[in-house]
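*Asks:* Take a look at the following structure, please.
Residue numbers (the numbering used here): 45 to 128.
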């Protein structure tokens with residue numbers, strides 16, 4: 045089990061370096077944002093996208109483009125640390 049955990053962490057680290065680490069699920073994305081007390085409009089402004097785009101990402105209708113995925117992932121990590 046420890047080997048699998050170590051291998052999994054190493055794989056995720058390599059994926060993050062390449063900018064392809066998986067995002068949380070759409071439902072988790074919304075939960076992270078809401079628990080941090082951030083509106084869709086606020087997050088959209090920070091990421092430079094429309095509120096409709098954030099809604100689409102959180103509802104699972106669309107995924108962020110390659111260009112915005114890493115910024116979104118970083119924003120979610122920050123929000124996860126700021127959850128109220």
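Ideal placement from N, C-alpha and C gives every residue a C-beta, glycine not left out.
Predicted model, so just to flag it, every value in this text is computed and none were measured.
#1: Near residue 100, which residues of its chain fall below 6 Å by C-beta distance, leaving aside the five closest residues on each side in sequence?
#2: Inspect the beta-carbon positions of residue 91 and residue 119 and report whether they are closer than 8 Å.
#3: Would you please state the rounded distance, in angstroms, between the beta carbons of residue 66 and residue 103? I believe it to be under 8 Å.
#4: Ordered along the chain, which non-local residues of its own chain (more than five positions away) have a Cβ less than 6 Å from that of residue 93?
#5: Name the residue from 88, 83, 95 whose alpha carbon lies nearest to the alpha carbon of residue 115.
#6: In three-state terms, what does DSSP make of residue 70?
*Replies:* With the given structure in hand:
#1: 106
#2: yes
#3: Not really, about 18 Å apart at Cβ, beyond 8 Å.
#4: none
#5: 88
#6: helix
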